[in-house]
Every structure is written in C-alpha cells, then in structure tokens.
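Enquirer: Residue 1369 is where the sequence shown starts when you use the working numbering, and the numbers rise one by one after that.
Can you keep this structure in mind? I'll have questions shortly.
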Amino acid sequence: LSNFYRPFKQRIHSYFIERPEYLRSLGSLDETDPQRPSVIVPNFLYGRSFCVSTDGGIQSFCCVDQCNVLMESLERSISHPVASPSLIAELVESLPSDTV
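Structural data, given as structure tokens:
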C-alpha cells in the first residue's frame, strides 16, 4: 500500500489517491497481512473510478479494455500463481485476437 501511495506523496503525480476505505469497498484492498496491506491491481482497475457516470449518477458506463479480456483468458487457463514461459507462450499463441 505504501508503494501505491508513494508517487502521490512525493508529488510525482496525483493518481492513486483513493483512501483505504474506498479500496476496501471495491474489493481492491488485501489485508491478509495487517502489517503489509496491499492493492489488488485488477480489482482496482475494474473499479468504479474507471467508469463514466451520467449526470444524475443513475447509470455508469465502463469500457472493457481488450488487453484485460486477453489477460483474463490467460489467468483462467493458467489458474495458478506461477506458469512456465513455454506454457504462457503456447496459451498466447492460441488467444482469440488479431493483435497478438
């Protein structure tokens, strides 16, 4: 979590200023180790902060990035925290995309 906030605190940029309570509400805050809370990046990127809402706040529109769709496909296929480069290469070759 400290790495998440460091650029903002050092005035490098003004991104990633969300409070822990908000990250928790998105399901983006991993507090498994209370001494080292961390941000679950995919959950953060899919969170409400990357959606556009209407003026009344009744509807919001979230755009799906094609890279995220491809990464999700890889993650589902691997279903493990570690994979060999050869397996990853094989899976990437079979991705349903004209850009890979």
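Where is the CB? At the ideal position from N, CA and C, for every residue including glycine.
This structure is a prediction, so every number in the text was calculated from the model and none was measured.
#1: So, with DSSP's three-state summary, where would you put V1450?
#2: Nearest-angstrom Cα distance between I1446 and R1374?
#3: Closest to Y1414 by CA distance: which of N1371, L1463, C1435 and L1459 is it?
#4: Taking P1410 as the reference, which of M1439, E1399, Q1403 and T1400 has the closest Cα?
#5: Provide the residue(s) that pair with L1397 in DSSP beta bridges, ordered along the chain.
Expert: This is what the structure gives:
#1: Here residue 1450 refers to the residue found at position 82 when the sequence shown is read from its first residue. Three-state DSSP puts V1450 in coil, outside helix and strand.
#2: On the sequence shown, residue 1446 is found 78 positions in, with the first residue counted as 1. On the sequence shown, residue 1374 is found 6 positions in, with the first residue counted as 1. C-alpha separation (whole angstroms): 32 Å.
#3: As a first step, residue 1414 must be located in the sequence shown, where it is residue number 46. Taking only the C-alpha atoms, the option nearest Y1414 is C1435.
#4: In the sequence shown, residue 1410 corresponds to position 42, counting from 1. Nearest of M1439, E1399, Q1403 and T1400 to P1410, Cα basis: M1439.
#5: Residue 1397 sits at position 29 when you count from the first residue of the sequence shown. Answer is V1407.
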